[in-house]
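This report refers to the structure that appears directly beneath it.
In the working numbering, the protein residues as written are 1 to 845.
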């Protein structure tokens, strides 16, 4: 990797400009001017806007195909740009070679923006300041920086050639370590807010790089990184990581390139070929190649020992310019790639309210080889009539549930890949391209992407988008998923056929989780591509959200019936990967996040590592926490008849305060597409979001309890007295000890009972769990009797949950103490609870 210190550009002294500066001549004809991409783009006069992971001008996606420009020695007027004649010739040549964006590191004069506008170029305006020194030490310096940044933004505000403002570029890691990342993040936020006040409609970014990738800047309109990697595989992997860091925002490569002085012109051209193609293939919104010309000025001097330009200092084109021209003409993918046939399946039950958006989005797809099947699952509204207006294959069935509808879709599909999208979602125009790219580049049997809530659905929908229980993806790496939600998923048709498709027992939810698990159980991998995004409408009423979450609780119960080994004793999914998406409830933080900086902060790639959630603080996130609150409330009420039980009241207050604090913390960090005008509206929106963080676990709890997923559920049949027993088994033929254990494991699993294998430090081989309050441990010893004969000895011992033993014992002791005081109501309640718990502990063991 090349050092990126060349881009730490601060304002230079105009007096450092060499005397007698002569503007270089340029013949635009030397740049292959006959290009269909030359000239002003039709939509260049419109402002750039962010839409999910990409940029748009109006309704047209805007791929940033850019180059960096400068810095140059200051002119007589102090601006660090060539004269107007040279800029005119440079921009003419850029447009002739398919370039549509320019990145400057200093504030351009208005005439330069006008010139860019005439040639259809958008300008990313750098707002420079002295970030390489201790800039936060003095209040006067901070104010001066803020004033200069605002002045720079003011001078370019509302210009139609403006792409975005960059409020900083690669703050050195030493400065970040010195001040701490949070102070830096807050200062960048102040600069961001200052620019927004000068030009509310402008996009604002900060240009980061690997050495300070840990900076968390979710308020930015788009995320920009300078990355110099000379291995395609490493660049692919790192871009996938940056996409995860960018979340739902566009990712833009603000600098990529290679030095031709050290590597040669041909190698520079080859490297730029795969660097730019890789960036677009990994879902980036665009790239800026560093740089347009070898001419480069920094720190009062011309830099003549690096040649990153597409042209030389006298503007002679290099081989890299032709390469970049060709690649930019073909973005996001070259036309000669193999694009497999894809069948898009839309399953709908009374989806007339939103399915038109879905079908319009599918109609706008730019993928060259696909079909659309709409399965109307017994719809009684206008869904079939709306579908009939479009070029789709409509299949109407009786209402049989979501899984059956999805099975009908893949069984009727002609594509080798089957992609699913919900009837309340619509795709990005290149949705299928990114799905297909991941399929063709890997052996994945399934691929998914992010789903993002569109703006404009109303304040309740915006709150739901920031509430828990949404369709999130679970990733085990930056490109591999454990689960992809059903609103944006695709699978190889042969893989669906091999496992018999979706399980019909899941009529409304849970089918996607079950399918992913079954595919992975057969050794298949689920891929993920951040660029394969769709827009997914969220529920726009509290009642609809409540019903949805109850349905998810039911789906959890159905999944636990089939996959008990994937649930922990409390009845919750134990994901191997990490959940990504908005709306995840945050625990009250304990402990400090840590930055991997290397010895003396020397690491080239520095990441942020969050502490693992404290188990005790994670408990209030569980739906069953409401049962804990109920139990403490009962004990507190009993305190009215027997005062010693009033000790439960402080614990009740803590039990109520914990989820409230987590809900408020999560709502405070929520991200909304537009900020309401008044403080009252802003407070109301965050209050509704906090309410949803509290209501969602309760709705899930109701759905779980109604369908058997209770803390007192039992797995398996029959009751055995909880004592240690030993059993023996004679075999005439020899088997390895591992085969003995695996045989018992399979037999127990066949009865639907979860089994956990012992670890490296456990003194047992298998743990069998029939309930929440206890389990049984199995230990094997084998006697070898010669000639292959073996005697296997099994020891089965009960293993009660010590937590529940303590709770049951405490309730029993409390009942006996209440007898002495004659508090018979308390005696009855406490004794009944202690007896019930004791009985369940014994039977669960």
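All C-beta atoms, glycine included, are put in the ideal place defined by N, C-alpha and C. All figures in this text were calculated on a predicted structure; none of them were measured in a lab.
Self-check item: Contact check, residue 595 vs residue 214, beta carbons under 8 angstroms
Solution: Taking the first residue of the chain shown as position 1, residue 595 is located at position 595. Taking the first residue of the chain shown as position 1, residue 214 is located at position 214. Against a cut-off of 8 angstroms, the Cβ pair of residue 214 and residue 595 comes out as a contact.
Exercise. Pick out whichever of 309, 249, 237, 316 has its Cα sitting closest to the Cα of residue 278.
Key: For the purposes of this step, residue 278 is taken as residue 278 along the chain shown, with counting starting at 1. Among 309, 249, 237, 316, the Cα nearest to that of residue 278 is on 237.
Quiz item: Cβ of residue 343 within 8 angstroms of Cβ of residue 418?
Solution: The sequence position of residue 343 within the chain shown is 343, counting from 1. The sequence position of residue 418 within the chain shown is 418, counting from 1. Contact: yes.
Exercise. Starting from residue 317, follow its DSSP beta bridges and name the residues at the other end.
Key: Taking the chain shown and counting its residues from 1, the one referred to as residue 317 is at position 317. Residue 317 pairs with 311.
Quiz item: Out of curiosity, what's the CA-to-CA distance linking residue 191 and residue 108?
Solution: Stepping through the chain shown from its first residue, residue 191 is reached at position 191. Stepping through the chain shown from its first residue, residue 108 is reached at position 108. If I take the Cα positions, the gap works out to 19 angstroms.
Self-check item: Nonlocal neighbours in the same chain, by C-beta distance under 8 angstroms from residue 504, ignoring five residues either side
Solution: Locating residue 504 in the chain shown gives position 504, where the first residue counts as 1. The answer, listed in chain order, is 400, 401, 403, 404, 407.
Quiz item: Does the separation of the CB atoms of residue 451 and residue 582 fall below 8 angstroms?
Solution: The residue labelled residue 451 in the question sits at position 451 within the chain shown. The residue labelled residue 582 in the question sits at position 582 within the chain shown. Not closer than 8 angstroms, so no.
Quiz prompt | Start and end residues, beta strand (DSSP E) containing residue 774 | solution = Against the chain shown, residue 774 aligns to sequence position 774. Its beta strand (DSSP E) spans residues 774-784.
Quiz item: Got a sec: does the ligand COA put a non-hydrogen atom nearer than 7 angstroms to the Cβ of residue 124?
Solution: No copy of the ligand COA appears in this structure; indeed no ligand is present at all.
Quiz item: When DSSP labels each residue in this structure, what does residue 799 get in the three-state scheme?
Solution: Translated into positions along the chain shown, residue 799 becomes position 799. Strand, per DSSP.
Quiz prompt | Unbroken alpha helix (DSSP H) run spanning residue 170, endpoints | solution = For the purposes of this step, residue 170 is taken as residue 170 along the chain shown, with counting starting at 1. Counting along the chain, residue 170 falls outside any alpha helix (DSSP H), and DSSP gives it neither H nor E.
Practice problem: Report back the beta-carbon spacing between residue 153 and residue 123 to the nearest angstrom; my notes put them in contact at under 8 angstroms. | Solution: Against the chain shown, residue 153 aligns to sequence position 153. Against the chain shown, residue 123 aligns to sequence position 123. Going by Cβ atoms, the distance from residue 153 to residue 123 rounds to 13 angstroms, so no, they are not a contact pair.
Quiz item: Given 8 angstroms as the limit, is there contact between the stretch 807-822 and the stretch 693-703, that is, 3 or more CB pairs closer than that?
Solution: no
Quiz item: According to DSSP, is residue 487 helix, strand or coil?
Solution: Against the chain shown, residue 487 aligns to sequence position 487. Here residue 487 sits in coil by DSSP.
Quiz item: From residue 840 to residue 730, what does the alpha carbon distance come to, in whole angstroms?
Solution: Position 840 of the chain shown, counting from 1, holds the residue named residue 840. Position 730 of the chain shown, counting from 1, holds the residue named residue 730. The straight-line gap from Cα to Cα measures roughly 34 angstroms.
Quiz item: Would the beta-carbon of residue 351 fall within 8 angstroms of that of residue 424?
Solution: Here residue 351 corresponds to residue number 351 of the chain shown, with the count starting at 1. Here residue 424 corresponds to residue number 424 of the chain shown, with the count starting at 1. Cβ atoms of residue 351 and residue 424: closer than 8 angstroms.
Quiz item: Should the stretch 324-337 be called in touch with the stretch 352-366, which here means at least 3 C-beta pairs below 8 angstroms?
Solution: no
Quiz item: So what's residue 397 in DSSP terms, helix, strand or just coil?
Solution: Counted from its first residue, the chain shown places residue 397 at position 397. Of the three classes helix, strand and coil, the one that applies to residue 397 here is strand, per DSSP.
Quiz item: Which of the three DSSP states, helix, strand or coil, is assigned to residue 603?
Solution: Here residue 603 corresponds to residue number 603 of the chain shown, with the count starting at 1. Three-state DSSP puts residue 603 in coil, outside helix and strand.
Quiz item: How would you call residue 58, buried or exposed, if buried means at least 16 neighbouring beta carbons within 10 angstroms?
Solution: Numbered from 1 along the chain shown, position 58 holds the residue referred to as residue 58. Flag for residue 58 reads exposed.
Quiz prompt | beta strand (DSSP E) segment containing residue 152, residue limits | solution = Taking the first residue of the chain shown as position 1, residue 152 is located at position 152. No beta strand (DSSP E) contains residue 152, which is instead part of the alpha helix (DSSP H) from 139-156.
Practice problem: Report yes if the C-beta distance between residue 489 and residue 420 is below 8 angstroms; otherwise report no. | Solution: Taking the chain shown and counting its residues from 1, one reaches residue 489 at position 489. Taking the chain shown and counting its residues from 1, one reaches residue 420 at position 420. Yes, the pair counts as a contact, with Cβ atoms nearer than the cut-off.
Exercise. Go through its chain and collect everything with a Cβ distance to residue 811's Cβ below 6 angstroms, but skip five positions before and after it.
Key: Within the chain shown, the letter at position 811 stands for residue 811. The answer, listed in chain order, is 830, 833, 834.
Quiz item: In terms of alpha-carbon separation, which member of 48, 666, 318, 622 lies closest to residue 572?
Solution: Residue mapping note: residue 572 aligns to position 572 of the chain shown, counting from 1. Considering only alpha carbons, the answer is 622.
Quiz item: Taking the C-alpha atoms as reference points, what is the distance between residue 491 and residue 562?
Solution: Looking up residue 491 in the chain shown gives position 491. Looking up residue 562 in the chain shown gives position 562. Approximately 22 angstroms between the Cα atoms of the pair.
Quiz item: Who are the Cβ neighbours of residue 340 in its own chain at under 8 angstroms, not counting the five residues just before and after it?
Solution: For the purposes of this step, residue 340 is identified with residue 340 of the chain shown, where counting begins at 1. Here the set comprises 369, 415, 416, 417, 436, 439, 440.
Quiz item: According to DSSP, is residue 195 helix, strand or coil?
Solution: As a first step, residue 195 must be located in the chain shown, where it is residue number 195. Looking at residue 195 - three-state DSSP - the assignment turns out to be helix.
Self-check item: Helix, strand or coil at residue 792 [DSSP, three-state]
Solution: Position 792 of the chain shown holds residue 792. The answer is strand: DSSP assigns residue 792 an E or B state.
Practice problem: Please report how far the alpha carbon of residue 217 lies from the alpha carbon of residue 128, in whole angstroms. | Solution: Numbered from 1 along the chain shown, position 217 holds the residue referred to as residue 217. Numbered from 1 along the chain shown, position 128 holds the residue referred to as residue 128. Rounded to the nearest angstrom, the two C-alpha atoms are 18 angstroms apart.
Quiz prompt | Of the residues 149, 506, 741, 97, the one placed nearest residue 131, counting alpha carbons only | solution = Mapped onto the chain shown, residue 131 falls at position 131. Answer by Cα proximity: 149.
Exercise. Return the Cβ separation of residue 779 and residue 764 in integer angstroms, given the expectation that the two are a contact with Cβ distance under 8 angstroms.
Key: Taking the first residue of the chain shown as 1, we reach residue 779 at position 779. Taking the first residue of the chain shown as 1, we reach residue 764 at position 764. With 8 angstroms as the limit, residue 779 and residue 764 qualify as a contact, their Cβ atoms being about 5 angstroms apart.
Quiz item: Do residue 655 and residue 634 come within 8 angstroms of each other at the CB atom, strictly closer than that value?
Solution: For the purposes of this step, residue 634 is identified with residue 634 of the chain shown, where counting begins at 1. For the purposes of this step, residue 655 is identified with residue 655 of the chain shown, where counting begins at 1. Taking 8 angstroms as the Cβ cut-off, residue 634 and residue 655 do not qualify as a contacting pair.
Exercise. Enumerate, from N- to C-terminal direction, the unbroken alpha helix (DSSP H) stretches of 4 or more residues contained entirely within the stretch 315-390.
Key: 319-330, 355-363, 383-387
Quiz item: Shortest alpha-carbon distance to residue 281 belongs to which of 434, 769, 522, 735?
Solution: Here the question's residue 281 lines up with position 281 in the chain shown. It is 434 whose Cα lies nearest to the Cα of residue 281.
Quiz item: Given that a residue counts as buried once 16 or more other Cβ atoms are within 10 Å of its Cβ, and exposed if not, what is residue 643?
Solution: Here residue 643 refers to the residue found at position 643 of the chain shown. So residue 643 counts as exposed.
Quiz item: Can at least three beta-carbon pairs, one atom from the stretch 672-683 and one from the stretch 520-535, be found at a separation below 8 angstroms?
Solution: no
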